[in-house]
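A quick write-up on the structure given underneath.
2 protein chains.
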Amino acid sequence: MLSTMTNATSTTGDTAGGTARRAPETVQRLIDAAADAFADKGFHATTTRDIAARAGLSPAGVYVHFASKEDLLFQLSHQGHTAALELVQAARERAASPRDQVAAIVSDFARWHAEHFRTARIVQYEFPHLSPEHRDQVRAQRKQIDAVVRQVLAAGVRAGDFEVPDVPGTTLALLSMCIDVARWYEPGTRRTPEAIGTAYGELAQRLVRP
Amino acid sequence: MLSTMTNATSTTGDTAGGTARRAPETVQRLIDAAADAFADKGFHATTTRDIAARAGLSPAGVYVHFASKEDLLFQLSHQGHTAALELVQAARERAASPRDQVAAIVSDFARWHAEHFRTARIVQYEFPHLSPEHRDQVRAQRKQIDAVVRQVLAAGVRAGDFEVPDVPGTTLALLSMCIDVARWYEPGTRRTPEAIGTAYGELAQRLVRP
DNA sequence: GTCTATACCTTGATAGAC
DNA sequence: GTCTATCAAGGTATAGAC
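As they're listed, the protein sequences go chains A and B. The first sequence: position 111 = 111 (UniProt numbering), numbered continuously. The second sequence: position 73 = 73 (UniProt numbering), numbered continuously.
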């Protein structure tokens with residue numbers, strides 16, 4: 001799937017069959033360090049020295065595992081989108097009716113953007129700083145997330161459970177609502193991530209009811 | 001109101017009574033140049049050299065009018081938030097009933113985030129890069145926008161036109177929906193800014209109906 | 001109020017020993 | 001696979017002439 005990955009990072013691709021055996025531990029530590037740094041200061045304001053230090057490596061140590069700072073951002077974005085997609089798919093499978101599916105998906109998606117708001121901010125807002133090739137890959141992941149919601153809305157309309165004049169537009173609006181949580185949420189916000197999720201799930205149901 | 005403005009930029013404050021007479025033309029040209037540059041590359045990736053060049057000045061010319069690059073970001077953010085607030089207030093005054101007011105506000109706010117998506121992105125997503133003092137000032141402007149929507153929702157509930165279990169939460173969700181337009185919109189998107197506005201206004205009405 | 005020139009610093013990334 | 005040392009480039013901001 002990630003056939004255009006750089007050599008420097010192809011060792012991360014052990015999700016396929018577990019053939020890779022070369023210590024991916026440092027790689028993940030670097031990704032986590034980058035996530036912290038990018039979340040604190042933004043992609044461009046973060047130095048590779050800072051990332052290396054947070055991971056307990058020398059500045060040069062980064063380049064053994066990643067081709068560039070941008071490559072680090074890509075791996076991080078890719079992991080984040082994968083997590084989000086799996087979350088949304090799991091929510092759909094967990095619920096039976098379109099009504100419950102919409103609530104489950106929106107609830108979990110919003111909650112994820114609150115709980116992981118640091119990662120989510122990078123994933124959503126540093127996207128323009130990816131290279132064109134990496135942007136394309138992430139865009140493909142985003143389309144998959146969008147497709148899940150759109151299909152559920154369409155199913156609900158077909159079943160007569162929903163009244164949605166504009167399915168693609170409403171899909172986008174629902175996802176927007178959740179994604180924007182990452183922008184405004186911070187620890188100590190009035191509501192917990194769980195409460196935000198529940199509230200947004202109910203808002204979604206109100207929006208699509210006939 | 002902007003009493004804590006830096007000296008370097010206080011000449012911009014001629015909105016009060018028109019007492020300032022010192023060519024604010026170059027100042028605005030610099031702000032516009034910064035807007036273009038920040039939108040293209042982000043705040044931190046933009047160089048002061050680039051801003052100066054776009055405004056037709058030497059690198060040093062910037063510092064006659066602004067104390068720092070961050071100061072430029074603040075002026076730009078402040079102008080953007082002022083425009084957005086005025087837009088929202090105008091929409092409320094234009095409509096009579098809470099139902100029409102919600103539609104007008106959400107429609108215009110969403111449309112603004114599409115039409116001015118370059119400015120809006122800076123305004124919304126470079127916010128963390130403002131200095132603490134400047135962040136406070138912008139936060140105050142945001143609260144004013146939020147208050148307008150919240151009051152309209154509350155009025156609609158009182159009048160029995162709306163059913164909104166959670167007024168502050170729904171206010172936030174409606175604004176979120178609109179703000180996120182700036183993230184995904186780009187010229188050539190399926191729908192025009194006007195169509196997006198209309199669609200979002202209708203979504204808002206669906207969301208709050210009893 | 002704008003320029004040229006530049007100080008002074010940090011950046012991303014590489015070379016080569018171990 | 002990690003280090004120390006370092007490069008070339010480019011960063012913000014200032015000094016001082018005009």
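A virtual CB, placed ideally from N, CA and C, is assigned to each residue, including glycine. Keep in mind it's a predicted model, so treat the numbers as computed, not measured.
- A residue is called buried once 16 or more other Cβ atoms fall within 10 Å of its Cβ, and residue 58 of chain A, having fewer, is exposed.
- Nearest neighbour of residue 71 of chain B by Cα position, chosen from B:41, B:192, B:182, B:135, turns out to be B:135.
- Under the rule that a run must span 4 or more residues, the alpha helix (DSSP H) segments found entirely inside the region 163-192 of chain B read 167-179, 181-184.
- Within chain B, 183 have C-beta atoms less than 8 Å from the C-beta of residue 124 of chain A, given in sequence order.
- Nearest to residue 107 of chain A by C-alpha distance, out of A:207, A:153, A:92, A:198, is A:198.
- At a beta-carbon threshold of 9 Å, the residues of chain B lying near residue 129 of chain A are 41, 42, 45, ordered along the chain.
- Rounded to whole angstroms, the gap between the alpha carbons of residue 101 of chain A and residue 183 of chain A is 25 Å.
- What residue 61 of chain B touches in chain A, judged by beta-carbon distance under 9 Å, is nothing: the nearest beta carbon there is about 24 Å away.
- Cβ-Cβ distances below 8 Å link residue 131 of chain A to 70, 74 in the same chain, with the five nearest sequence neighbours on each side left out; the list follows chain order.
- Interface residue (Cβ-Cβ distance to chain B less than 8 Å): residue 34 of chain A is not classified as such.
- Annotation: residue 56 of chain A has no Cβ neighbours in chain B at a cutoff of 8 Å; minimum Cβ distance is about 25 Å.
- At a Cβ-Cβ threshold of 8 Å, residue 44 of chain A and residue 44 of chain B count as neighbours.
- Under a 10 Å Cβ-count criterion, residue 163 of chain A is classified as exposed, with fewer than 16 other Cβ atoms of the shown protein chains found around its own Cβ.
- Against chain B, the beta carbon of residue 160 of chain A has no neighbour under 7 Å; the closest one sits roughly 17 Å away.
- Taking a 10 Å sphere around the C-beta of residue 126 of chain A, we find 16 or more other C-beta atoms and assign the residue as buried.
- Think of a sphere of 7 Å around the beta carbon of residue 71 of chain B: no beta carbon from chain A falls inside it, the nearest being about 17 Å out.
- Distances from the CA of residue 195 of chain B to each of B:207, B:206, B:181, B:26 were compared; the closest alpha carbon is that of B:181.
- Under the 8 Å Cβ criterion, the region 78-89 of chain B counts as touching the region 139-153 of chain B, having at least three qualifying pairs.
- Distance between residue 105 of chain B and residue 49 of chain A, taken at the CA atoms: about 46 Å.
- Against chain A, the beta carbon of residue 206 of chain B has neighbours under 7 Å at 207, listed in chain order.
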